[in-house]
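Asks:
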Amino acid sequence: MATTEVRGLGHSVKRKEDERFIRGKGNYIDDVTLPGMLHMELLRSPFAHARIVSVDTSRAEALPGVVAVVTGELMAQHNLAWMPTLSGDTQAVLATDKVRFQGQEVAAVVAESAYVAKDALELIDVEYEPLPALTTPQQALEDDAPLIRDDKEGQASNLIYDWEAGDKEATDRAFAEADRVVELDTFYPRCHPSPLECCGCVADVNPATGKATIYMTSQAPHAIRTLFALVAGLPEQNIRVISPDIGGGFGNKVPIYPGYVVATAASLLLGKPVKWIEDRTGNLISTGFARDYHMHGELAVKDGKITGLRTSLVADEGAFFADAQPSKFKIGLFHIVTGSYDIPAAHVFGRGAYTNKAPGGVAYRCSFRVTEASYLIERLVDVAALELGVDPAEFRVQNFIKPDQFPYQSATGFVYDSGDYEKALRLALEKLGYDELRKEQAEAREQGRLIGIGLASFTEVVGAGHGKQYDIAGLRMFDSAELRVHPTGKAILKLGVKSQGQGHETTFAQIVAEELGIPYEDIEVQEGDTDNTPYGLGTYASRSTPVAGAATAVISRKLRDKARTIAAHLLEASEDDLEWDRGRFSVKGAPDRAKTIQEIAFAAYTDLPDGVEAGLEGVHYYDPPNMTFPFGTYAVVVEVDRGTGAWKVERMVAVDDCGVRINPMIVEGQIMGGLTEGFAIAAMELITFDEDGNCIGSNFTDYLLPTSWETPSFELGETVTPSPHHPIGAKGVGESATVGSPAAYVNAVVDALAHAGVRNLEMPVTSARVWEALQEAGLAE
Ligand code: MCN
Ligand code: CUM
Numbered sequence: 086m087a088t089t090e091v092r093g094l095g096h097s098v099k100r101k102e103d104e105r106f107i108r109g110k111g112n113y114i115d116d117v118t119l120p121g122m123l124h125m126e127l128l129r130s131p132f133a134h135a136r137i138v139s140v141d142t143s144r145a146e147a148l149p150g151v152v153a154v155v156t157g158e159l160m161a162q163h164n165l166a167w168m169p170t171l172s173g174d175t176q177a178v179l180a181t182d183k184v185r186f187q188g189q190e191v192a193a194v195v196a197e198s199a200y201v202a203k204d205a206l207e208l209i210d211v212e213y214e215p216l217p218a219l220t221t222p223q224q225a226l227e228d229d230a231p232l233i234r235d236d237k238e239g240q241a242s243n244l245i246y247d248w249e250a251g252d253k254e255a256t257d258r259a260f261a262e263a264d265r266v267v268e269l270d271t272f273y274p275r276c277h278p279s280p281l282e283c284c285g286c287v288a289d290v291n292p293a294t295g296k297a298t299i300y301m302t303s304q305a306p307h308a309i310r311t312l313f314a315l316v317a318g319l320p321e322q323n324i325r326v327i328s329p330d331i332g333g334g335f336g337n338k339v340p341i342y343p344g345y346v347v348a349t350a351a352s353l354l355l356g357k358p359v360k361w362i363e364d365r366t367g368n369l370i371s372t373g374f375a376r377d378y379h380m381h382g383e384l385a386v387k388d389g390k391i392t393g394l395r396t397s398l399v400a401d402e403g404a405f406f407a408d409a410q411p412s413k414f415k416i417g418l419f420h421i422v423t424g425s426y427d428i429p430a431a432h433v434f435g436r437g438a439y440t441n442k443a444p445g446g447v448a449y450r451c452s453f454r455v456t457e458a459s460y461l462i463e464r465l466v467d468v469a470a471l472e473l474g475v476d477p478a479e480f481r482v483q484n485f486i487k488p489d490q491f492p493y494q495s496a497t498g499f500v501y502d503s504g505d506y507e508k509a510l511r512l513a514l515e516k517l518g519y520d521e522l523r524k525e526q527a528e529a530r531e532q533g534r535l536i537g538i539g540l541a542s543f544t545e546v547v548g549a550g551h552g553k554q555y556d557i558a559g560l561r562m563f564d565s566a567e568l569r570v571h572p573t574g575k576a577i578l579k580l581g582v583k584s585q586g587q588g589h590e591t592t593f594a595q596i597v598a599e600e601l602g603i604p605y606e607d608i609e610v611q612e613g614d615t616d617n618t619p620y621g622l623g624t625y626a627s628r629s630t631p632v633a634g635a636a637t638a639v640i641s642r643k644l645r646d647k648a649r650t651i652a653a654h655l656l657e658a659s660e661d662d663l664e665w666d667r668g669r670f671s672v673k674g675a676p677d678r679a680k681t682i683q684e685i686a687f688a689a690y691t692d693l694p695d696g697v698e699a700g701l702e703g704v705h706y707y708d709p710p711n712m713t714f715p716f717g718t719y720a721v722v723v724e725v726d727r728g729t730g731a732w733k734v735e736r737m738v739a740v741d742d743c744g745v746r747i748n749p750m751i752v753e754g755q756i757m758g759g760l761t762e763g764f765a766i767a768a769m770e771l772i773t774f775d776e777d778g779n780c781i782g783s784n785f786t787d788y789l790l791p792t793s794w795e796t797p798s799f800e801l802g803e804t805v806t807p808s809p810h811h812p813i814g815a816k817g818v819g820e821s822a823t824v825g826s827p828a829a830y831v832n833a834v835v836d837a838l839a840h841a842g843v844r845n846l847e848m849p850v851t852s853a854r855v856w857e858a859l860q861e862a863g864l865a866e
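For the sequence shown, the numbering used here begins at 86 and goes up steadily by one.
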């Protein structure tokens, strides 16, 4: 480990970026103001499914201050009425034939101010012919269901795909031989990332140079630029995407949204910058939702061991298949569903259907449906323990993959890099005082009080690529780091990923500090400008540390190798005689004969050995050999009120293992944020639809986000099992707590009622739902 002076790995330094954030000096998309800039607002469909008969824009165009009204018809003239999605489908930019979900983009007004543009929306006269709305995939997959995607040639039903993984025969055999089969039907409801800052962009197409500069809230600016070039037919070097400070993304800012495309087209046509800032309702009803997953899972158990796992899934994809996920995997990485358990046979089958709901699924701290998978297995394991009458902690330990089994080949095709699941579980139990708590629980029950203890021992798969197997819209998932050490020994690190609040400016500087011995405050980290950073696939799936973090370590080491050559020259010694320590090379046995990295950097520009290139700079593109598999155990204690069904979290212990931690404080921040989101998903967040497809949950009085009042307090613990294939042993952590914790909360509430036969409660576990369960179980008071 590096010394405290340079603040390398393991130091909880404060986040560099917070200096500007807490002073209100951040530069978010709405802070971008350009000369002559116009403002755009989107007209959205009030219907979930309707044919468009006519669109009359004349009244809107006549409103003073309105510059242009853009319709689907106009976009079609430029071949831009439809765009490709990240899952290889097509999506309407502005509707031409039909609207297919409530909130779909129908037209746009460009005006001198956002207020005028908004007023003008009401003056656009659209005649709709309403059609029946399909709001569940089950409805959509019925034989006589109306066809949602009649725009697609050869699309005869609402089925999008069937997909499977694992060995069906071996799994069927395991079930035939089992002495017990446990089943669970459950629904992971639709929920929404809800970053503080909604989506938006400022598109600035310069009519003189043809250069299109697009400032946008994107988690993946390089990929977006390439897709823009391909879709709009603009030369790629003429497109510059700049993602400034981003006020949270959580997956919401991975896809391409119609607003970006229309604003860019409008700027191109009008020759002026056009700003589009999405409002909260627009964000909630139209942009990348998450989950909406119907799951059936079965475990085969023999002699207390899980011998098989079978799942059957139905995804509600909305009107366009726009999941942001690797293209070879139609149901994302759901096949991590075997989780932390050594299950010899598994088979996963999933299908996806179009419905009249907003598209763009998967997002929200998910790692491509790993969240749903983790929920299902951790609920199933609990149901199995209840059915078998064994302790859920011991049942987990019995079935865990053991430390000596790593690297572990899962039945569905992953190779887990490293893990010690029992250690994390035992630590959580110890912190909780588990055995004592079980006694208290029994005593409380005697007194008529309902206490529940819930566990979840999740395993995630994060850090996509490698590029051979994983891609986004064909682009291989590698990532990059360019490091420039300047003559005075100060450095700039440029990355292909893009922070939305994760603290990259701090942690990536710490990696360089560790590897090169330059103090972390002397290293500036830059991201998000495609003209000035090396190509990368962006920040999602907790991939920045596993991929760009590895690239940063590798390029630092390459520069250190060059520094050694220069140091040998300066010290008139052989390279082999040099020792590296704390940012300096010294001659073995003569520690006073030394050159610091700063002196060497200066020499790289002033005093080089013959034949050595000037400068101390380089770029590295890292294609990881494998994913990383962070894990942990979360333990929750709740008390359920028998009079109301309300439940309260009394304790929440979270033990995480993400390998080597770069900045423990930032890691803990990531975990606490995720535990809060997990709690919100388990307890309160729900976007639902009435039978006509009207979205319920389109604002923050209906869609409930937790405040500090509702949020439990968390007790954190850690174990460290380094990733063997990552240069600094780190695994991703940015999604773990959101992925792992919902099952722990639900398991706890179910556990409180389990003695009366309750086996399942659906999320969000509202007090109304618990009250109903209490009544059915005869526990209500
Ligand atoms: N880190 C560390 N040591 C590790 C692992 C991570 O110090 N062993 C640090 C990293 O260096 C980084 C942070 O923790 O500063 C998160 O790292 P990582 O796990 O690599 O995840 P990403 O940076 O790729 O972030 C993506 C992840 C995802 S997919 C979502 S969704 C999410 C999340 O991060 N969205 C967030 N956390 C968020 N946090 C904020 N504030 N805002 C969001 O939108
Ligand atoms: Cu899937 S939410 Mo994150 O991976 O940006």
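Just so you know, even glycine gets a beta-carbon here, dropped at the ideal spot from N, CA and C.
Just how far apart, CA to CA, sit N869 and L760?
Replies: One cannot answer for residue 869 here, as it falls past the ends of the chain, which runs 86 to 866.
Asks: I need the straight-line Cα distance from L128 to Q187, nearest angstrom please.
Replies: Distance between the alpha carbons of L128 and Q187 is about 11 Å.
Asks: I need the DSSP call for L179, collapsed to helix, strand or coil.
Replies: Three-state result, L179: coil.
Asks: Among residues of its own chain, excluding the 5 on either side of G333, which ones have a beta-carbon nearer than 7 Å to its beta-carbon?
Replies: Hits under 7 Å: P280, L281, E282, Q585, G586.
Asks: Using a 10 Å radius around the Cβ and a threshold of 16 neighbouring Cβ atoms, would you call G717 buried or exposed?
Replies: The residue is buried, with at least 16 neighbouring Cβ atoms inside 10 Å.
Asks: May I have the straight-line CA-CA distance separating V818 from G504, to the nearest angstrom?
Replies: Rounded to whole angstroms, V818 to G504 spans 14 Å at the Cα level.
Asks: For L801, tell me which candidate among E770, F406, Q755 has the shortest Cα-Cα distance.
Replies: Measuring from the Cα of L801, the nearest candidate turns out to be Q755.
Asks: Under 6 Å Cβ to Cβ from L123, same chain only, skipping five residues before and after it: list those, please.
Replies: V152, V195, K357, V359.
Asks: Under 8 Å by Cβ, that's how I've got D408 and G550 pegged, so tell me the actual separation to the nearest angstrom.
Replies: Actually they are not in contact, since the Cβ atoms of D408 and G550 sit about 18 Å apart, beyond 8 Å.
Asks: Does DSSP put A513 in a helix, a strand or coil?
Replies: In the structure shown, A513 sits in a helix (DSSP, three-state: H, G or I).
Asks: Going by Cα to Cα distance, which pick from T392, P572, R310, F480 is closest to D616?
Replies: Cα-wise, what sits closest to D616 is R310.
Asks: Would a C-beta distance cut-off of 8 Å place Q526 and I538 closer than the cut-off?
Replies: Cβ atoms of Q526 and I538: closer than 8 Å.
Asks: Would you call the CB atoms of A822 and L838 closer than 8 Å?
Replies: The answer is no: Cβ separation not under 8 Å.
Asks: Run through DSSP, which three-state label would P572 get?
Replies: It is coil, neither helix nor strand.
Asks: Looking only at its chain, what residues have a beta carbon closer than 6 Å to the beta carbon of N784, apart from the 5 residues adjacent to it on each side?
Replies: Here the set comprises T366.
Asks: Would you report the Cα separation of I608 and V721, rounded to the nearest angstrom?
Replies: Straight-line Cα distance between these residues: approximately 40 Å.
Asks: Are there any heavy atoms of the ligand CUM lying less than 7 Å away from the beta-carbon of F374, as far as the coordinates show?
Replies: Incorrect: F374 has no Cβ contact closer than 7 Å to the ligand CUM.
Asks: Tell me whether P477 sits in a helix, a strand or coil according to DSSP, three-state version.
Replies: Helix.
Asks: In chain order, what residues of the same chain lie with their CB nearer than 8 Å to the CB of I781, ignoring the 5 residues before and after it?
Replies: Once the five neighbours on either side are set aside, the close Cβ partners of I781 are I772, T773, F774, D775, D787.
Asks: Suppose you measure from the CA of R534 to the CA of W732; what does that come to, to the nearest Å?
Replies: Approximately 12 Å, taken between the alpha carbons.
Asks: On the criterion of 16 or more Cβ atoms from any shown chain inside 10 Å, does R530 qualify as buried, or is it exposed?
Replies: Label assigned to R530: exposed.
Asks: Could you give the distance in angstroms between the alpha-carbon of F414 and the alpha-carbon of F670?
Replies: Roughly 48 Å separates the two Cα atoms.
Asks: Skipping 5 residues on each side, what residues in its chain have a beta carbon closer than 7 Å to that of L846?
Replies: Around L846: V831, V834, V835, R854, V855, A858.
Asks: Note down, in chain order, each residue of its chain lying with its Cβ closer than 7 Å to the Cβ of I796, except the 5 sequence neighbours on either side.
Replies: Here residue 796 turns out to be Thr, not Ile, going by the sequence shown. So the list reads T761, F764, once near-sequence residues are dropped.
Asks: Measuring only from the beta carbon, is G334 closer than 7 Å to any heavy atom that is part of the ligand CUM?
Replies: Checking every heavy atom of the ligand CUM against the Cβ of G334, one is found closer than 7 Å.
Asks: I'd like to confirm something about V752: is its beta-carbon nearer than 7 Å to some heavy atom of the ligand MCN, or not?
Replies: Answer for V752: yes, Cβ within range of the ligand MCN.
Asks: G382: beta carbon under 7 Å from a heavy atom of the ligand MCN?
Replies: No, the Cβ of G382 stays beyond 7 Å of every heavy atom of the ligand MCN.
Asks: Could you tell me the alpha carbon to alpha carbon distance between T88 and R667, rounded to whole angstroms?
Replies: Legend: pLDDT at T88 = 49, less than 50; position of this residue unreliable, value from coordinates given subsequently. Rounded to whole angstroms, T88 to R667 spans 7 Å at the Cα level.
Asks: From K99, T256, L701, pick the residue whose C-alpha is nearest to that of F434; which is it?
Replies: Of the candidates K99, T256, L701, the one whose C-alpha sits nearest the C-alpha of F434 is T256.
Asks: Leaving aside the five residues before and after E212 along the sequence, list all residues of the same chain whose C-beta is less than 6 Å from its C-beta, in chain order.
Replies: Correct list, in chain order: V138, S139.
Asks: State the DSSP-derived secondary structure class of F485, mapped to helix, strand or coil.
Replies: In the structure shown, F485 sits in a strand (DSSP, three-state: E or B).
Asks: At which residue ranges does the stretch 205–245 contain complete alpha helix (DSSP H) runs of 4 or more residues, listed in the order of the chain?
Replies: Within the stretch 205–245, the complete alpha helix (DSSP H) runs of at least 4 residues are 222–225.
Asks: Hey, quick one: how far does the beta strand (DSSP E) through S397 stretch, first residue to last?
Replies: That run of the beta strand (DSSP E) goes 390–403.
Asks: Let me confirm a value: T691 is counted as buried when at least 16 other C-beta atoms fall within 10 Å, else exposed. Which label applies?
Replies: Result: exposed.
Asks: Tell me which residues share the same chain as D467 and place their Cβ nearer than 6 Å to its Cβ, disregarding the 5 neighbours each side in the sequence.
Replies: Same-chain partners within the cutoff: P477, N832.
Asks: Please go through the same chain and pick out, in chain order, the residues whose beta-carbon is closer than 8 Å to the beta-carbon of K240, but skip the five residues on each side of it.
Replies: The sequence shown places Gln at residue 240, not Lys. So the list reads L232, R234, once near-sequence residues are dropped.
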